[in-house]
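These notes concern the structure reproduced below.
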Amino acid sequence: MMRVTVCFYSYFKDLTGCARTTEELADGSTLDDLFRALVVRFPKLGPMRKVTLIAVGVDYQNLTYVLKEGEEVSLFPPVQGG
Amino acid sequence: MKKHVTITAEPINESALLSQRVMSPGMGAVVCFLGVVRGTEGNANITALEYEVFRRMAEHQINLLLDELAQRWPIDSVRLVHRVGLVKVNEPSLWVEVIAPHRGEAFAACQWLINEMKRAVPIWKKPVIGDRL
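One line per chain: the protein sequences are A and B, in this order.
One point on numbering: in our numbering, the residue at position 11 of the first sequence is 11, and numbering is uninterrupted.
One rule links them: number in our numbering = place in the second sequence (from 1) + 1000.
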């Protein structure tokens, strides 16, 4: 098993009721596996799947990305900079 | 290409930024863009926008965009200031300056950068209605 840190931004903090949490996953899990696990804990994230942006560290990644122990994953809605 | 990126909760001091401008030999165009908080959001009147940033990632993504911009156009310098936190109506939240040899590349690069920021830079805004200021 491995543990990753998950951060939420913008209104995703309201949907989950927290800004930060951790999740334990089987070795070799992908971001898609993580998202599914998070939806079990935070069902309001479910309908947001298609608009959710996901970063590992400071880089965007897609759902096939294979996670590693200790990584920091951020989930957030479409950005509005500028 | 010279680049200077600032993300700050302090008000954008446009006159100070203009006084710090450095023109290199051969540069003939300066394009400045100021993004200002509108008093309406959809059909609602607002008093401010509250900007939230994922700072480490925002700085990284802006730098990636500036690297790509430098590949696309012969730009000499970009300076960018994005304000975060509470920004009142009529106050600027974004200041961008692009310096290039000619106006065509300066306008194109500035517009491209702002469009790409809205796609890639993790900053969000929430309208503030009423007198929470």
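Idealized CB from N, CA, C, for every residue including glycine.
*Helix, strand or coil: how does DSSP classify T16 (chain A) here?*
helix
_I want to know whether the stretch 1013-1026 of chain B touches the stretch 1083-1100 of chain B - three or more CB-CB distances under 8 Å._
yes
*Contact under 8 Å by Cβ, C1110 (chain B) with V1087 (chain B)*: no
*Return the CA-CA distance between I1007 (chain B) and I54 (chain A), expressed in angstroms with no decimal places.*
22 Å
_P1074 (chain B) classed as buried or exposed, judged by whether at least 16 other C-beta atoms fall within 10 angstroms_ = exposed
*How big is the Cα-Cα spacing for I1123 (chain B) and A1058 (chain B)?*
7 Å
*Tell me H1082 (chain B)'s beta-bridge partners as DSSP assigns them.*
B:I1007 and B:L1094
*Starting from the beta carbon of F8 (chain A), find every residue of chain B whose beta carbon is closer than 7 Å, and list them in chain order.*
Within chain B, no residue comes near F8 (chain A); the closest Cβ sits about 10 Å away, beyond 7 Å.
_For H1060 (chain B), would you say it is in contact with chain A, using Cβ-to-Cβ distances shorter than 8 Å as the test?_
yes
*Looking at C-alpha atoms only, which residue of B:I1046, B:V1036, B:T1040 and B:I1062 is the closest neighbour of W1112 (chain B)?*
B:I1062
_8 Å Cβ shell around G63 (chain A) - same chain, five flanking residues per side excluded_ = Here residue 63 (chain A) turns out to be Leu, not Gly, going by the sequence shown. The residues are T30, L31, D32, F35 and I54.
*Counting contacts by CB-CB distance shorter than 8 Å, is F76 (chain A) in contact with chain B?*
yes
*Identify every residue that forms a DSSP beta bridge with A1044 (chain B).*
B:E1041
*Of all the CB atoms in chain A, is at least one closer than 8 Å to the CB of W1124 (chain B)?*
yes
*Taking Cβ-Cβ distances below 9 Å as the criterion, which residues of the stretch 49-82 of chain A are in contact with chain B?*
L53, A55, G57, V58, D59, Y60, S74, F76, P77, P78, V79, Q80, G81 and G82
*asked:* Would I1099 (chain B) and V1030 (chain B) be called neighbours here (beta carbons separated by less than 8 Å)?
replied: yes
*Cβ pair count under 8 Å reaching 3, the stretch 1031-1039 of chain B against the stretch 40-52 of chain A*: no
*Using a Cβ-Cβ cut-off of 7 Å (strictly less than) and excluding sequence neighbours within five positions of A26 (chain A), which residues of its own chain qualify?*
M1
*Per-residue DSSP class, three states only, for A1058 (chain B)*: helix
*Between the beta-carbon of L38 (chain A) and the beta-carbon of E23 (chain A), is there less than 8 Å?*
yes
_Suppose you measure from the CA of Y60 (chain A) to the CA of K68 (chain A); what does that come to, to the nearest Å?_
15 Å
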